[in-house]
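Working notes for the structure below.
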Amino acid sequence: MNNPKADAALNLSLSLPESLHEKSTSLSAVLTGSVWEILVLASQDLSFLTKQYPQIEVSMLLENFALLRLPPSLIPTVSALPQILYIEMPHYISFEILSGKRSSCITQVTLPPLSLTGNGVLVGFVDSGIDLTHPDFQDSNGNSRVLFLWDQTRDEDPPDGYLFGTEYNNEQINEALRAGKTLSKDESGHGTAAAGIACGNGNASKGRYRGIAPETELIVVKMRKNKGLYPRTTELISGIDYCIRKALKFNRPLVLNISFGNNYGSHTGNSLSELYLNRVSLLGRISIVAASGNEGASPIHTLGFLDQTVNVDFSISERQTSLNMQLWKDYADAVRIRLRAPSGIEYTLSDKFGTNIEVLDQTQIAFYNSAPSPFQRLQEYYFEFFPIADSFYLTSGVWSLIIEPISIKNGTFEMWLPAASSLNGATRFLSPDPYNTLTVPSSANSVITVGAYDAKTNTPADFSGRGAASMPNLLTKPDLVAPGVSVIVPSFPGGYQTVSGTSFAAPFVTGSAALLMEWGIVKRNNLFLYGEQLKAWLIAGAKELPGYPVPNPRTGWGALCLEAALR
Numbered sequence: 001m002n003n004p005k006a007d008a009a010l011n012l013s014l015s016l017p018e019s020l021h022e023k024s025t026s027l028s029a030v031l032t033g034s035v036w037e038i039l040v041l042a043s044q045d046l047s048f049l050t051k052q053y054p055q056i057e058v059s060m061l062l063e064n065f066a067l068l069r070l071p072p073s074l075i076p077t078v079s080a081l082p083q084i085l086y087i088e089m090p091h092y093i094s095f096e097i098l099s100g101k102r103s104s105c106i107t108q109v110t111l112p113p114l115s116l117t118g119n120g121v122l123v124g125f126v127d128s129g130i131d132l133t134h135p136d137f138q139d140s141n142g143n144s145r146v147l148f149l150w151d152q153t154r155d156e157d158p159p160d161g162y163l164f165g166t167e168y169n170n171e172q173i174n175e176a177l178r179a180g181k182t183l184s185k186d187e188s189g190h191g192t193a194a195a196g197i198a199c200g201n202g203n204a205s206k207g208r209y210r211g212i213a214p215e216t217e218l219i220v221v222k223m224r225k226n227k228g229l230y231p232r233t234t235e236l237i238s239g240i241d242y243c244i245r246k247a248l249k250f251n252r253p254l255v256l257n258i259s260f261g262n263n264y265g266s267h268t269g270n271s272l273s274e275l276y277l278n279r280v281s282l283l284g285r286i287s288i289v290a291a292s293g294n295e296g297a298s299p300i301h302t303l304g305f306l307d308q309t310v311n312v313d314f315s316i317s318e319r320q321t322s323l324n325m326q327l328w329k330d331y332a333d334a335v336r337i338r339l340r341a342p343s344g345i346e347y348t349l350s351d352k353f354g355t356n357i358e359v360l361d362q363t364q365i366a367f368y369n370s371a372p373s374p375f376q377r378l379q380e381y382y383f384e385f386f387p388i389a390d391s392f393y394l395t396s397g398v399w400s401l402i403i404e405p406i407s408i409k410n411g412t413f414e415m416w417l418p419a420a421s422s423l424n425g426a427t428r429f430l431s432p433d434p435y436n437t438l439t440v441p442s443s444a445n446s447v448i449t450v451g452a453y454d455a456k457t458n459t460p461a462d463f464s465g466r467g468a469a470s471m472p473n474l475l476t477k478p479d480l481v482a483p484g485v486s487v488i489v490p491s492f493p494g495g496y497q498t499v500s501g502t503s504f505a506a507p508f509v510t511g512s513a514a515l516l517m518e519w520g521i522v523k524r525n526n527l528f529l530y531g532e533q534l535k536a537w538l539i540a541g542a543k544e545l546p547g548y549p550v551p552n553p554r555t556g557w558g559a560l561c562l563e564a565a566l567r
């Protein structure tokens with residue numbers, strides 16, 4: 001199949017038998033029971049589809065994005081409709097895990113005369129949930145500060161307009177707390193930790209471990225895990241949509257915290273999830289903060305220049321059950337590509353658009369050669385590696401992708417593997433490049449992208465996702481860094497723990513954004529202090545780390561300093 005309205009991964013999925021989907025960690029993300037789930041950009045409301053095709057379920061999101069559930073046999077029919085502009089399959093996303101307030105100059109703005117607490121501002125967390133029983137998320141009367149909780153894992157009473165999960169309001173949450181019942185659990189503790197940094201009031205520690213904005217109110221989405229693995233981009237986008245709709249309904253300023261990401265895409269801001277964030281960020285008094293990811297020190301990215309034939313060597317670890325790989329290049333560059341297996345046998349990839357399948361060294365390789373789309377000028381080669389029928393594992397050893405230039409206008413190319421946390425240790429590029437390792441959607445232009453640094457040593461964290469080395473100054477990513485090494489956060493049941501990762505750097509900026517929006521919008525000092533203006537204030541106040549002149553792809557415009565941002 002070659003569907004010009006679909007991304008390469010979805011085109012490949014539609015070309016393969018269902019038995020191969022079950023073998024692939026990445027391709028199985030499209031499956032939701034017996035139907036497929038896809039993300040759609042449309043020109044209008046798609047609710048009419050349910051009348052024409054009873055097998056289709058539609059959840060309309062903001063800005064004419066939609067989540068569809070449908071049999072795969074209907075995807076070609078639906079995509080041919082003029083109202084459908086582009087479709088993508090979902091991709092698994094992962095947590096960005098691995099004395100912050102003082103180093104970020106936050107304490108000063110919480111004291112008189114400013115006395116900022118985040119009062120009047122909503123903070124949204126689309127994460128693993130929250131520990132509703134933790135005292136740090138309750139007021140002095142024991143009432144929950146969580147206004148709404150959408151638990152996507154419990155299919156009982158979905159919010160209006162959405163296809164799954166159960167919604168709880170503040171009254172229901174408080175009734176459960178008084179009765180000693182648990183409506184929803186945060187099994188991993190990740191969401192609780194992120195919310196604690198940004199919004200915890202420190203009740204459980206008598207104020208010692210108070211978060212940045214302790215009087216904000218929360219909207220929480222607990223994402224479901226597809227097939228027990230990871231949440232997907234469709235759960236993330238639906239959760240973001242839910243939070244923004246609540247803020248618009250109640251006319252409240254909102255800060256959104258995103259501590260999840262994945263490696264699929266060109267990292268140029270052109271995937272549907274990035275486009276969605278760019279569009280909805282313009283709908284109201286909204287600021288979106290995203291962790292840059294923890295792939296900075298992981299060998300999952302490489303790049304090169306096609307002034308001569310280039311060999312890209314990568315190793316597949318023993319006991320690796322599946323693997324996907326992306327190659328992105330300029331469409332204007334004509335190349336010949338060969339894949340070499342560990343035994344030395346080679347296969348030349350077809351230069352025609354569409355799906356091709358080959359077996360090399362007892363490993364089945366399916367690849368899709370895609371054309372540019374209306375939203376992406378680059379060309380993608382998408383690879384999936386499967387064990388053959390009577391084996392559980394891919395053939396281990398060193399593989400090579402040999403790229404031979406034929407006619408070159410640009411010459412640069414980049415490649416990505418999945419997140420390192422999903423791979424066995426020896427599966428890697430042998431000549432990796434640590435730059436342009438931001439996870440998607442932190443690469444979206446409109447978000448405030450946050451890397452991590454060690455506040456004790458004043459150095460960027462080695463694991464922190466990095467921007468492109470040659471990006472123009474105005475497009476520098478990350479935007480700034482915040483404490484993300486050995487951060488103390490709330491944990492179950494009612495205590496605290498120490499964590500590291502950009503997941504926990506982003507909430508420092510999320511809480512700081514809430515304080516800025518309280519000062520500007522709630523206290524009416526600057527009614528337009530949100531979005532790009534808020535990002536500009538944070539960048540203006542950021543402090544340069546020793547040895548890292550700004551801007552640079554490791555620390556962006558420097559380390560968070562909220563007091564300086566308010567000067």
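Residues 1 to 567 in the UniProt record's numbering are what the sequence shown spells out, letter by letter.
Built from N, CA and C at the ideal position, the CB exists for glycine as well.
Note the first and the last residue of the continuous beta strand (DSSP E) segment covering residue i.
| i | result |
| --- | --- |
| Q379 | 378-387 |
| I316 | 310-316 |
| Q326 | 323-330 |
| E404 | 397-407 |
| A452 | 448-454 |
| N369 | 363-369 |
| T498 | 495-499 |
| E358 | 354-360 |
| H301 | 301-305 |
| M415 | 412-416 |
| Y347 | 346-348 |
Determine the burial state of residue i: buried for a count of at least 16 other Cβ atoms within 10 Å of its Cβ, exposed for fewer.
| i | result |
| --- | --- |
| T182 | exposed |
| A559 | buried |
| L443 | The question names Leu, but residue 443 is Ser in the sequence shown. That one is buried. |
| Q308 | exposed |
| P546 | exposed |
| Y168 | buried |
| A452 | buried |
| D45 | exposed |
| S343 | exposed |
| A469 | exposed |
| V398 | exposed |
| P493 | exposed |
| G425 | exposed |
| I388 | exposed |
| T77 | exposed |
Tell me whether the beta-carbon of residue i lies closer than 9 Å to the beta-carbon of residue j.
| i | j | result |
| --- | --- | --- |
| residue 577 | S128 | Residue 577 is absent from the model: the chain starts at 1 and stops at 567. |
| P490 | A204 | yes |
| T233 | E88 | yes |
| T427 | Q326 | no |
| A176 | F125 | no |
| I521 | F260 | no |
| N369 | D351 | yes |
| T510 | I106 | no |
| T302 | S431 | yes |
When the Cα atoms are used, what is the spatial distance from residue i to residue j?
| i | j | result |
| --- | --- | --- |
| C561 | R145 | 27 Å |
| G495 | E171 | 25 Å |
| L12 | I448 | 33 Å |
| T216 | T50 | 39 Å |
| Q497 | V481 | 22 Å |
| R252 | D241 | 15 Å |
| Y381 | T348 | 13 Å |
| T457 | L566 | 25 Å |
| L272 | V440 | 10 Å |
| P4 | S373 | 7 Å |
| N436 | N270 | 15 Å |
| G142 | P135 | 8 Å |
| L68 | W36 | 8 Å |
Can you find a C-beta in chain E that's less than 9 Å from the C-beta of residue i?
| i | result |
| --- | --- |
| T439 | Reference to chain E is not applicable here, since this structure consists of a single protein chain. |
From what residue to what residue does the alpha helix (DSSP H) around residue i run?
| i | result |
| --- | --- |
| E563 | 562-565 |
| E215 | Run containing E215: none; DSSP gives neither H nor E here. |
| E274 | 272-280 |
| H21 | 18-23 |
| L14 | 8-15 |
- Task: For the stretch 232-265, list the beta strand (DSSP E) runs that are entirely contained and at least 3 residues long, ordered along the chain.
- Result: 254-258
- Ignoring anything shorter than 4 residues or poking outside the stretch 148-202, list the alpha helix (DSSP H) runs there in chain order. 170-179, 190-199
- Query: What alpha helix (DSSP H) runs, 4 residues minimum, are completely inside the stretch 505-534?
  - Reply: 506-517
- Continuous beta strand (DSSP E) assignments of at least 3 residues falling wholly in the stretch 41-122: 57-60, 65-70, 84-88
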